[in-house]
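Please read the structure below before turning to the comments.
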Amino acid sequence: MDRRWYTLPIIVMGVLISFILAMMFGASNYAPGEVWSVITRLDMTDKTHQILYEIRMPRVLAALVSGFMISIAGLVLQSVTHNDLSEPSILGINAGANLAIILAALLVPALSFVAIMVSGFVGGMLVGLVILSVTRTRSPLHLILAGAGISLFLYAITDFLVITNDLGQYMTFFTAGGASGQSIGNLVIVIPLAAVLVVALYMMAKELDVLLFGDEMAVSLGQNRGLYKWLTLVIAVMLSSIAVAMVGNVVFLGLLVPHIVKMIYGNMHKYTIIYTGLFGAIIFALSDMFARVFNEAPVNAVIAMIGLPFFIYIIKKRGGQYA
Amino acid sequence: MRNSYKLAAAVILLIAVVITSLVTGTFNLTFQDLAALMTGSADENVMTVFFDFRMPRIIITLVCGAALAVSGLILQAISRNALADPGIIGVNAGSGFGVVLFITFISGSLTQHLYALPIMSFAGGLLTVLIIFSLSFMSGEFKSNIFILIGIATAMGVTGFVYVFTSMFDTEQMEMLNRYFAGNIWGDTWAFVLVSVPYILIILVIVYSRLREMDMLNLDDEMLTGFGMNVNREKIVLIVLAAMLSSLAVSVCGAISFIGLIAPHISRMMFGHNMKLLFFASFVMGALLLTTADLLGKLLLAPMIIPAGIVVSLIGGPYFVWLLLRAGKV
Chain A
0 MDRRWYTLPI
10 IVMGVLISFI
20 LAMMFGASNY
30 APGEVWSVIT
40 RLDMTDKTHQ
50 ILYEIRMPRV
60 LAALVSGFMI
70 SIAGLVLQSV
80 THNDLSEPSI
90 LGINAGANLA
100 IILAALLVPA
110 LSFVAIMVSG
120 FVGGMLVGLV
130 ILSVTRTRSP
140 LHLILAGAGI
150 SLFLYAITDF
160 LVITNDLGQY
170 MTFFTAGGAS
180 GQSIGNLVIV
190 IPLAAVLVVA
200 LYMMAKELDV
210 LLFGDEMAVS
220 LGQNRGLYKW
230 LTLVIAVMLS
240 SIAVAMVGNV
250 VFLGLLVPHI
260 VKMIYGNMHK
270 YTIIYTGLFG
280 AIIFALSDMF
290 ARVFNEAPVN
300 AVIAMIGLPF
310 FIYIIKKRGG
320 QYA
Chain B
0 MRNSYKLAAA
10 VILLIAVVIT
20 SLVTGTFNLT
30 FQDLAALMTG
40 SADENVMTVF
50 FDFRMPRIII
60 TLVCGAALAV
70 SGLILQAISR
80 NALADPGIIG
90 VNAGSGFGVV
100 LFITFISGSL
110 TQHLYALPIM
120 SFAGGLLTVL
130 IIFSLSFMSG
140 EFKSNIFILI
150 GIATAMGVTG
160 FVYVFTSMFD
170 TEQMEMLNRY
180 FAGNIWGDTW
190 AFVLVSVPYI
200 LIILVIVYSR
210 LREMDMLNLD
220 DEMLTGFGMN
230 VNREKIVLIV
240 LAAMLSSLAV
250 SVCGAISFIG
260 LIAPHISRMM
270 FGHNMKLLFF
280 ASFVMGALLL
290 TTADLLGKLL
300 LAPMIIPAGI
310 VVSLIGGPYF
320 VWLLLRAGKV
């Protein structure tokens with residue numbers, strides 16, 4: 000057993016603690032005892048239990064699982080594109096998912112959650128195709144510019160649809176990001192799906208390590224790099240579009256978390272996948288909690304407050320690579 | 000010689016678009032009306048529509064389009080990257096933040112605080128760029144790639160902050176913000192022309208006087224230092240000019256992206272790399288693009304008006320993707 004696994008129990012505890020904290024604080028606060036009693040002996044006749052179970056808990060769980068998914072997606076995208084700054088929202092994958100969801104919502108008015116996820120995936124994947132074809136030939140800076148430009152374009156189309164069809168409120172939800180309004184029903188679909196996807200990724204941890212070494216190394220190690228590049232990219236896009244369907248376009252999280260994890264645990268994916276997911280869950284759940292405490296501020300503002308300085312720090316530290 | 004033909008053709012096209020814009024809209028003007036306007040015998044309605052609505056709007060559109068294009072040209076010259084655009088590096092997000100502050104804290108009717116809105120929007124855009132700029136130095140040297148990267152990130156982050164206040168907005172305020180981000184040319188009265196156009200023109204003249212330096216920035220920094228140029232200072236001056244141009248423009252015409260990218264690019268394809276020619280060509284192309292977008296937005300789904308910024312992005316986006324995918328040098 001490697002030393003790097005020793006911290007795992009602590010981080011898992013951290014997830015549990017952030018779950019309980021996030022359950023406690025918000026528009027109204029509850030004592031830890033009340034939260035505990037909801038978990039141990041749920042009593043739906045009790046008003047407090049009802050609120051905690053039906054409103055607060057789905058939201059906290061949605062935040063945890065989205066943080067988990069978004070961060071892992073960021074990690075995989077960084078490895079696949081060989082770019083430290085890759086992340087679903089920077090690369091435009093979220094914008095693609097967002098547009099596809101709005102389009103689908105226009106065509107089919109009462110869209111089921113599964114349909115939202117599927118359309119999000121289709122949109123995100125189309126952007127992923129463009130992005131991957133750009134990485135083959137271009138510099139790291141070029142990739143990020145590509146993502147920014149594609150995002151701008153896709154958001155313009157989305158804006159167009161929103162303005163011509165009066166979907167303002169719907170749109171704000173996606174751009175501002177937030178875990179509110181989740182139902183247990185959605186979570187029952189998302190949690191197993193996320194688990195399956197991450198297990199699949201985990202089985203490819205070695206292949207991701209090889210991808211990270213670079214194309215030449217991959218060839219000399221005999222890897223079928225096309226196949227694994229695509230497989231892992233598809234899974235990363237799936238993870239991020241499911242997250243978009245649930246919590247909208249969350250910025251910086253997928254960049255921030257993998258970097259912190261890589262600083263502590265190194266680059267081997269068999270560690271980073273797990274730790275990135277757990278750290279992401281903690282950070283997103285706590286950010287969502289702070290957002291709730293501060294008068295329902297958008298969670299993106301909270302994350303950007305940590306994420307933006309961090310991004311600038313990374314750029315400055317690895318400056319030589321980009322300058 | 001051929002270049003001047005091409006430039007003339009672009010100008011003629013621009014004039015055609017301008018005239019079409021002037022006569023079309025919810026109130027169509029006929030050629031008799033135009034003739035009457037020339038001789039000063041038009042009736043009052045026609046005069047009002049023409050002088051109070053159409054004229055200021057077309058002036059704002061022309062000048063802002065040109066300003067955005069030249070701003071993009073400058074950014075591309077100093078970053079040596081053909082994909083730089085003021086919208087992509089955070090100017091729009093910054094001035095959007097100014098707009099949100101305005102809606103949140105001043106709000107009320109626009110006419111009461113006529114100048115507050117463009118000023119706050121301008122300050123937001125300029126401040127953002129200057130902060131990004133001050134972060135882009137590494138060991139005392141300005142790094143343009145770092146500038147672009149931090150700009151992109153800041154645009155993302157600031158967009159998050161913009162929504163901090165929106166939870167308190169009512170539908171009307173939300174509508175106003177969405178319209179801003181969609182690039183709706185709102186400053187279409189003479190008052191706005193007066194607060195923005197003269198300054199834009201002055202800055203454009205200053206930029207013109209710096210064209211030779213811009214042209215030389217294509218060379219290596221070390222080589223330029225060898226020629227006796229203070230490279231850092233040149234870049235700083237140019238960045239500040241570009242930031243002022245684009246923030247002024249978006250402060251009256253809303254968040255418009257891609258013009259700063261496309262106009263210089265088309266100009267480069269048509270006219271090569273002579274900076275003086277590029278300056279005029281970008282100027283004309285920028286004006287042409289924005290007026291055309293505004294005209295299309297007015298006509299396509301009439302009586303509904305599509306904001307010009309969206310039309311520009313709908314044209315500019317595919318162009319941008321095409322640029323990216325093209326194998327050759329960009």
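Protein sequence lines, in the order shown, are assigned to chains A and B.
When we follow numbering that gives the first Met the number 0, the leftmost residue of the first sequence carries the number 0, and every step to the right adds one.
When we follow numbering that gives the first Met the number 0, the leftmost residue of the second sequence carries the number 0, and every step to the right adds one.
Yeah, the Cβ is synthetic: ideal placement off N, Cα and C, and Gly gets one too.
Neighbour flag for Val329(B) against chain A, beta carbons, 9 angstroms
The residue you call residue 329(B) lines up with position 330 of the second sequence. Interpretation of Val329(B) is limited by its pLDDT of 40, a score under 50 that renders its predicted location unreliable; the figure taken from the coordinates is listed afterwards. Output row for Val329(B): interface = yes.
Please look up how many angstroms separate the CB atoms of Ser312(B) and Ser256(B), rounded, as I've assumed it's under 8 angstroms.
The residue given as residue 312(B) occupies position 313 in the second sequence. The residue given as residue 256(B) occupies position 257 in the second sequence. So it is a contact: roughly 6 angstroms between Cβ atoms.
Comparing alpha-carbon positions, which option in Ile100(A), Ile259(A) and Phe251(A) lies nearest Asp158(A)?
For the purposes of this step, residue 158(A) is identified with residue 159 of the first sequence, where counting begins at 1. Minimum Cα-Cα distance from Asp158(A) among the listed residues Ile100(A), Ile259(A) and Phe251(A) corresponds to Ile100(A).
Given Leu200(B) as reference, the closest of Leu21(B), Val161(B) and Met243(B) once Cα atoms are compared
Within the second sequence, the letter at position 201 stands for residue 200(B). Comparing Cα positions, the closest option is Met243(B).
Beta-ladder partner(s) of Met137(B), from DSSP
Stepping through the second sequence from its first residue, residue 137(B) is reached at position 138. Note: Met137(B) sits in a beta bridge opposite Glu140(B).
So, using beta-carbon positions, are Leu285(A) and Ala21(A) closer together than 9 angstroms?
Numbered from 1 along the first sequence, position 286 holds the residue referred to as residue 285(A). Numbered from 1 along the first sequence, position 22 holds the residue referred to as residue 21(A). In this structure, Leu285(A) sits near Ala21(A), with a CB-CB distance shorter than 9 angstroms.
Grab the span of the alpha helix (DSSP H) containing Gly308(B) for me, first residue to last.
The residue labelled residue 308(B) in the question sits at position 309 within the second sequence. Per DSSP, Gly308(B) belongs to the alpha helix (DSSP H) from Ala307 to Leu324.
DSSP state of Phe164(B), grouped into three classes?
On the second sequence, residue 164(B) is found 165 positions in, with the first residue counted as 1. Phe164(B): coil per DSSP, three-state reduction.
Compare the C-beta of Ala83(B) against all C-beta atoms of chain A and say whether one is closer than 9 angstroms.
For this step, residue 83(B) is matched to residue 84 along the second sequence. Cβ-Cβ to chain A under 9 angstroms: yes for Ala83(B).
Straight-line CA distance for Ile11(B) to Ser246(B)?
Translated into positions along the second sequence, residue 11(B) becomes position 12. Translated into positions along the second sequence, residue 246(B) becomes position 247. Between Ile11(B) and Ser246(B), the C-alpha separation is close to 28 angstroms.
Residue range of the unbroken alpha helix (DSSP H) whose run includes Pro191(A)
Here the question's residue 191(A) lines up with position 192 in the first sequence. Counting along the chain, the unbroken alpha helix (DSSP H) around Pro191(A) starts and ends at Ile183 to Met202.
Using only the alpha-carbon positions, how far apart do Ala41(B) and Thr19(B) sit?
Here residue 41(B) refers to the residue found at position 42 when the second sequence is read from its first residue. Here residue 19(B) refers to the residue found at position 20 when the second sequence is read from its first residue. Rounded to whole angstroms, Ala41(B) and Thr19(B) show a C-alpha spacing of 18 angstroms.
Spatial neighbours of Ile147(B) within its chain, please: C-beta separation below 7 angstroms, excluding the five flanking residues on both sides.
Taking the second sequence and counting its residues from 1, the one referred to as residue 147(B) is at position 148. Around Ile147(B), the same chain offers Ser78, Asn80, Ala83 and Ile88 as residues with beta carbons nearer than 7 angstroms, after the five sequence neighbours per side are excluded.
On the premise that Leu76(A) lies in contact with Ala300(A), defined as a C-beta separation below 8 angstroms, what is that separation, rounded to the nearest angstrom?
The residue you call residue 300(A) lines up with position 301 of the first sequence. The residue you call residue 76(A) lines up with position 77 of the first sequence. Ala300(A) to Leu76(A), Cβ: 23 angstroms. No contact.
Same chain, Cβ closer than 7 angstroms to Leu125(A), five either side skipped, listed in chain order:
Start at 1 with the first residue of the first sequence, and residue 125(A) comes out as number 126. The answer, listed in chain order, is Gly95.
Give me, in chain order, the residues of the same chain whose beta-carbon lies closer than 6 angstroms to that of Tyr154(A); leave out the 5 immediate sequence neighbours on both sides.
Mapped onto the first sequence, residue 154(A) falls at position 155. For Tyr154(A), where only same-chain residues beyond five positions count, the Cβ hits under 6 angstroms are Ala94.
Exposed unless 16 or more other CB atoms sit within 10 angstroms - verdict on Val195(A)
Walking along the first sequence from the start, residue 195(A) turns up at place 196. Exposed, by the Cβ-count rule.
Rounded straight-line distance, which links the Cα of Ala241(B) to that of Met137(B):
The residue given as residue 137(B) occupies position 138 in the second sequence. The residue given as residue 241(B) occupies position 242 in the second sequence. If you take the alpha carbons of Met137(B) and Ala241(B), they lie about 21 angstroms apart.
If you follow the alpha helix (DSSP H) that Asn266(A) is in, where does it begin and where does it stop?
The count along the first sequence starts at 1 and reaches residue 266(A) at position 267. For Asn266(A), there is no enclosing alpha helix (DSSP H), as DSSP marks it with neither H nor E.
List in chain order: all unbroken alpha helix (DSSP H) runs of 4+ residues lying wholly within the region 137 to 224 of chain B.
For the region 137 to 224 of chain B, whole alpha helix (DSSP H) runs of length 4 or above, ordered along the chain, are 143 to 161, 170 to 180, 189 to 207 and 210 to 215.
Are the C-beta of Phe26(B) and some C-beta of chain A separated by less than 9 angstroms?
Locating residue 26(B) in the second sequence gives position 27, where the first residue counts as 1. Not one chain A Cβ lies under 9 angstroms of Phe26(B).
DSSP on Thr39(A), reduced to helix/strand/coil?
To locate residue 39(A), count along the first sequence from 1; it is residue 40. Residue state, collapsed to three classes: helix.
Hey, how far is the Cα of Val90(B) from the Cα of Met43(A)?
Stepping through the second sequence from its first residue, residue 90(B) is reached at position 91. Stepping through the first sequence from its first residue, residue 43(A) is reached at position 44. Roughly 51 angstroms separates the two Cα atoms.
Using a Cβ-Cβ cut-off of 9 angstroms, state whether Tyr114(B) counts as contacting chain A.
The residue you call residue 114(B) lines up with position 115 of the second sequence. At a cut-off of 9 angstroms between beta-carbon atoms, Tyr114(B) makes no contact with chain A.
What is the DSSP secondary structure of Ser94(B), reduced to helix, strand or coil?
To locate residue 94(B), count along the second sequence from 1; it is residue 95. Note: Ser94(B) maps to helix in three-state DSSP.
Taking Cβ-Cβ distances shorter than 8 angstroms, what residues in chain B pair up with Thr163(A)?
In the first sequence, counting from the first residue as 1, residue 163(A) sits at position 164. Taking a Cβ-Cβ threshold of 8 angstroms, the residues of chain B close to Thr163(A) are Leu300, Met303 and Ile305, in chain order.
If the cut is a Cβ gap below 9 angstroms, which residues of chain A does Leu323(B) touch?
Along the second sequence, one-based indexing puts residue 323(B) at 324. For a Cβ distance threshold of 9 angstroms, residue set Val129, Ser132, Val133, Arg137, His141, Leu144, Ala145, Gly148 and Ile149 of chain A lies close to Leu323(B), ordered along the chain.
So, with DSSP's three-state summary, where would you put Asp158(A)?
Within the first sequence, the letter at position 159 stands for residue 158(A). Shown here, Asp158(A) sits in a helix according to DSSP, grouped into three states.
Where Lys297(B) and Met155(B) are concerned, what is the direct C-alpha to C-alpha distance, given to the nearest angstrom?
If you number the second sequence from 1, residue 297(B) lands on position 298. If you number the second sequence from 1, residue 155(B) lands on position 156. Going by C-alpha positions, Lys297(B) is about 30 angstroms away from Met155(B).
Does Glu295(A) come out as helix, strand or coil in the three-state DSSP assignment?
Reading the first sequence from its first residue, position 296 is the one you call residue 295(A). Three-state DSSP puts Glu295(A) in coil, outside helix and strand.
Which residue spans inside the region 33 to 88 of chain B form an unbroken beta strand (DSSP E) run of at least 3?
At a cut-off of 3 residues, not a single continuous stretch assigned as beta strand (DSSP E) sits fully inside the region 33 to 88 of chain B.
Cutoff 9 angstroms: Asn28(A) Cβ touching any chain B Cβ:
Position 29 of the first sequence, counted from the start, is the residue given in the question as residue 28(A). No, no contact with chain B.
Any idea if Leu41(A) is buried or exposed, counting beta-carbon neighbours within 10 angstroms, 16 or more meaning buried?
As a first step, residue 41(A) must be located in the first sequence, where it is residue number 42. Around the beta carbon of Leu41(A), a 10 Å sphere encloses fewer than 16 other beta carbons of the protein chains shown; the residue is thus reported as exposed.
Closer than 9 angstroms, CB to CB, is Thr103(B) near chain E or not?
The structure shown contains no chain E; the protein chains it does contain are A and B.
Quick check on the DSSP output: what are the complete beta strand (DSSP E) runs of length 3 or more inside the region 54 to 142 of chain A, in order along the chain?
Entirely contained in the region 54 to 142 of chain A, not one beta strand (DSSP E) run reaches 3 residues.
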